[in-house]
Every structure is written in C-alpha cells, then in structure tokens.
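Below is one structure, written out as structure tokens; comments come after it.
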Amino acid sequence: MHVIPRVRDEPGAEACVQKTYYSTTTFLMLAINRHLYDGLHYTYVGEGFYPYGIGNPKSSNPLLIYMDLYQPWADKDPYDKFVLQHRLAVRKSILAKEKDGVVSTRIARDLRRVADRAALVFFYPVVYKLNFDASEAHAHGTRPGLTVAGSGLTGSREYLIPDMAEHEYELLFNDHYTYEFDQLRMAPGYFASKADAVNELLKWSP
Amino acid sequence: MAFVAPPLHDFARSTSPDDLHHYVDGLALLDDLLCLYAQPPRWPLYQPMTSGADEAGSPALITERFADCLEAIRSHAMKDCLDANFSYALTLRDTADASRDDIQSFLDALLQHYGQITHPALYPEGLSI
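Heads up: the sequence lines are chains R and Y, in that order.
Sequence positions in the first sequence follow this note's numbering and run 72 to 277.
Sequence positions in the second sequence follow this note's numbering and run 348 to 476.
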C-alpha cells in the first residue's frame, strides 16, 4: 500500500504541501504499457507540469516535452526529430521487456514494426499525474523501486518509477477521440492476449 | 570520424527481413549510449529488470545487448557500419566533455538515418505474420 502524504494544518505546525509529479508520453507508449507490458509504466516524473525555475532541464519538463510532441502531431510531420526519438525510445523499451520475458520474441518482433511504423496519430501526447508525492515516498521509502534518476542526480526534481501501476496515476489530456484509439483506450486486460493487442497496433502500422 | 551508414539500396535489397530489426536495435542502443551527453541531455531508457537505473546507458550494459544485435545481422555492410559506429561512440563517450558537438552530430546523423531506413519505400513488408 502506498502512503499518500496529506497537507498538515495543525495549529502551530509547519505546513507540509504535497508536491505533484507529472510525466508526458504518447498514446502509443501508453497503449503498449497497458496492453503489452502488464499495465506497468516505466516513467520519469518531474515535479510540477511546468517546473519553471527549479532546475529541471528541458528533458525533465513535462510541459516542454508535451509541446515537442504536440506540434509534429498537429503538423503531421513524421520526420520530426522528437517523433523519431520517441520511436527509438519505444524500441529501447521493447529490448528491455523482451530481455525481462515480459513479451515473447514473436511479440517483440511485431512491436518493433509498431515502433517504426505506427501512424503519426498515435504520437498524440498524454500526461501522467502521479497521485502521490514522489519526494515524500522516496524520503520515507514507501514506494519500492522509486529512485532518484535522470536530472534528479544533479539536483533537479525528477524521479524514475520503473513500474508505475494503473492505480498510481491519473491520465490527463487523453481527449483525442479517433477510431484508431477505440480498443486501445481500454484498461489493461481488455485484450484476450498480448498477440491480440499487438495485432490491433499492427493494423495502424503499415 | 563521423556516423557511417550503409547505402540505402542495401536495405531495399536485403533478403533478411530480420536484419533491419537487429540493425535498428543497434541504432537504439547507440543512442542510449550517448543520449546523456546530447544537447539537451536525454535519459537512457534501456533498463532490464536485472539492472539498476544507474546502469542505464553504461557501456557494460549496452555492449552486452549490442553484441547480440551484431551477431544476428547477416548483411556484412550493416554489420560493419554498426560495429564501426559502436567503436566511435565508445570513444566519444570516453571523451564526452570535449566531444559534445561531435556527439550531437553523431546522434543527429543516427536519427536522420533511422528516419530514412524506416521509410515505407524501404521498410520490409510482411515482417509480421
């Protein structure tokens, strides 16, 4: 059970404000995490959606990442460097999950095609809003696996959660309704098998 | 030295569909090896469960998986280019502080190359059955 710190407002006590952590990804990565990676999300989270003036570099700034992904999605630019970088990021996740045995070699092979060829519509950005204070959880050791990583190692407010579960976040900006997303928008467990899930993604990966 | 790539017609003429997948896996691992030194920096993402976050992007972790990719590739051109790029990437990493511009150029060229070889005109059909 994860402890969610509360704001303390006892008279005379120093106020403890819960910090909120966010992470931007794409609908593609969200769908893969939900339907192929057992509903677990490998996620770097930064404090605040727009951590302005607190030392987070661009790569730890959920708003700037959102903008970097939204623009090529809106402009339908398949050769945008952020789209290509994200495709390689999906590739890296496949390598790790195949090694871990989360996906079979056959499923991983199909996912590679998805990473390279998924339609641009799937790069619609969405945002995870963590429903607990990562800094508090780290300080008290209440969330196993949560580590200081990325720019957090050099003083910014960023943590890595290698296995964020469905109940640990709220999904924001998941508001692009298109038929390609219909089944993939469902919760983990919707598809009868990972083969069915990857076949649904392959339909949109010409 | 700079990022080296096989001619694009090598990919169009490839008789081994899996060669492309192993090759692109190699590109992804090259990116993970150097992305921490990119401008702006990006965080390595290849992290199997058996590895800690501090190992992500490390030469030891990348080399192990990269060797598997290289061994699986049948095309000599793809194999040789990937191997040369890996040696160069390790050198860049060892001198990262003095090689930021070269690292960025390498990563930019890698990304452009990835975009070219995954173009529908070159991408193999029927990889999934």
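Every residue, glycine too, gets a C-beta built ideally from N, C-alpha and C.
Quick caveat, the model's predicted, so the values are computed rather than measured.
Whole-number beta carbon distance between residue j and residue i, since they are thought to touch under 8 Å
{"i": "residue 60/R", "j": "residue 96/R", "result": "Because chain R spans 72 through 277 in this model, residue 60/R falls outside it and cannot be assessed."}
{"i": "residue 154/R", "j": "residue 191/R", "result": "7 Å"}
{"i": "residue 101/R", "j": "residue 265/R", "result": "Rounded, the Cβ-Cβ distance is 16 Å, inconsistent with contact."}
{"i": "residue 371/Y", "j": "residue 187/R", "result": "7 Å"}
{"i": "residue 124/R", "j": "residue 228/R", "result": "Not quite, the Cβ-Cβ distance comes to about 11 Å (not below 8 Å), so this is no contact."}
{"i": "residue 407/Y", "j": "residue 231/R", "result": "Their Cβ separation, rounded to whole angstroms, is 19 Å, which puts residue 407/Y and residue 231/R out of contact at 8 Å."}
{"i": "residue 398/Y", "j": "residue 361/Y", "result": "Rounded, the Cβ-Cβ distance is 32 Å, inconsistent with contact."}
{"i": "residue 381/Y", "j": "residue 433/Y", "result": "Their Cβ separation, rounded to whole angstroms, is 11 Å, which puts residue 381/Y and residue 433/Y out of contact at 8 Å."}
{"i": "residue 368/Y", "j": "residue 214/R", "result": "Not really, about 35 Å apart at Cβ, beyond 8 Å."}
{"i": "residue 387/Y", "j": "residue 129/R", "result": "5 Å"}
{"i": "residue 428/Y", "j": "residue 353/Y", "result": "5 Å"}
{"i": "residue 254/R", "j": "residue 271/R", "result": "6 Å"}
Delimiting residues of the alpha helix (DSSP H) encompassing residue i
{"i": "residue 121/R", "result": "That residue, residue 121/R, is in no alpha helix (DSSP H); it is neither H nor E in DSSP."}
{"i": "residue 406/Y", "result": "406–419"}
{"i": "residue 366/Y", "result": "364–381"}
{"i": "residue 271/R", "result": "265–273"}
{"i": "residue 359/Y", "result": "355–359"}
Beta carbon of residue i nearer than 8 Å to that of residue j
{"i": "residue 479/Y", "j": "residue 391/Y", "result": "Outside the modelled stretch of chain Y, which goes from 348 to 476, sits residue 479/Y, for which no answer is possible."}
{"i": "residue 385/Y", "j": "residue 451/Y", "result": "yes"}
{"i": "residue 449/Y", "j": "residue 437/Y", "result": "no"}
{"i": "residue 98/R", "j": "residue 195/R", "result": "yes"}
{"i": "residue 366/Y", "j": "residue 420/Y", "result": "yes"}
{"i": "residue 221/R", "j": "residue 233/R", "result": "no"}
{"i": "residue 488/Y", "j": "residue 166/R", "result": "Nothing about residue 488/Y can be read from this structure; chain Y reaches only from 348 to 476."}
{"i": "residue 132/R", "j": "residue 141/R", "result": "no"}
{"i": "residue 409/Y", "j": "residue 376/Y", "result": "yes"}
{"i": "residue 245/R", "j": "residue 197/R", "result": "yes"}
{"i": "residue 269/R", "j": "residue 171/R", "result": "no"}
Residue i, enclosing beta strand (DSSP E) - first and last residue
{"i": "residue 200/R", "result": "196–201"}
{"i": "residue 422/Y", "result": "Premise fails: residue 422/Y is in no beta strand (DSSP E) and is neither H nor E."}
{"i": "residue 397/Y", "result": "From DSSP, residue 397/Y is part of no beta strand (DSSP E); its letter is neither H nor E."}
{"i": "residue 276/R", "result": "First-last for residue 276/R: undefined, no H or E at that position."}
{"i": "residue 96/R", "result": "92–97"}
Whole runs of the beta strand (DSSP E) within the region 107–194 of chain R, excluding any shorter than 3 residues
Contiguous beta strand (DSSP E) elements confined to the region 107–194 of chain R occur at 112–118, taking only those with 3 or more residues.
Complete runs of the alpha helix (DSSP H) confined to the region 433–464 of chain Y [at least 4 residues]:
Assignment of alpha helix (DSSP H) within the region 433–464 of chain Y, counting only whole runs of 4 or more residues, yields 447–464 in chain order.
Interface positions of the region 161–177 of chain R facing chain Y (Cβ-Cβ less than 7 Å), listed along the chain:
Answer in chain order: 162, 163, 164, 166, 167, 170, 171.
Please identify, using Cβ separations under 8 Å, the residues of the region 176–193 of chain R that lie next to chain Y, in order along the chain.
Those residues of the region 176–193 of chain R that come within reach of chain Y (Cβ to Cβ, closer than 8 Å) are 180, 181, 183, 184, 187, 188.
Run through the region 206–261 of chain R for me and flag every whole beta strand (DSSP E) of 3 or more residues, listed as ranges in chain order.
The qualifying runs are 229–235, 240–243.
Between the region 231–254 of chain R and chain Y, which residues of the former have a C-beta closer than 8 Å to a C-beta of the latter?
Residues passing the 8 Å Cβ filter: 231, 233.
Could you run through the region 387–418 of chain Y and flag, in chain order, every residue whose CB is less than 7 Å away from some CB of chain R?
If you check each beta-carbon in the region 387–418 of chain Y against every beta-carbon of chain R, the ones closer than 7 Å belong to 387, 388, 389, 390, 392, 393, 394, 395, 396, 400, 412.
Between the region 256–269 of chain R and chain Y, which residues of the former have a C-beta closer than 7 Å to a C-beta of the latter?
The residues in question: there are none.
So if I threshold CB-CB distances at 9 Å, which residues from the region 207–233 of chain R count as touching chain C?
Although the question refers to chain C, the structure presented lacks it and instead comprises the protein chains R and Y.
Note down, in chain order, all residues in the region 93–122 of chain R with a beta-carbon under 8 Å from any beta-carbon belonging to chain Y.
Listed by position along the chain: 113, 115.
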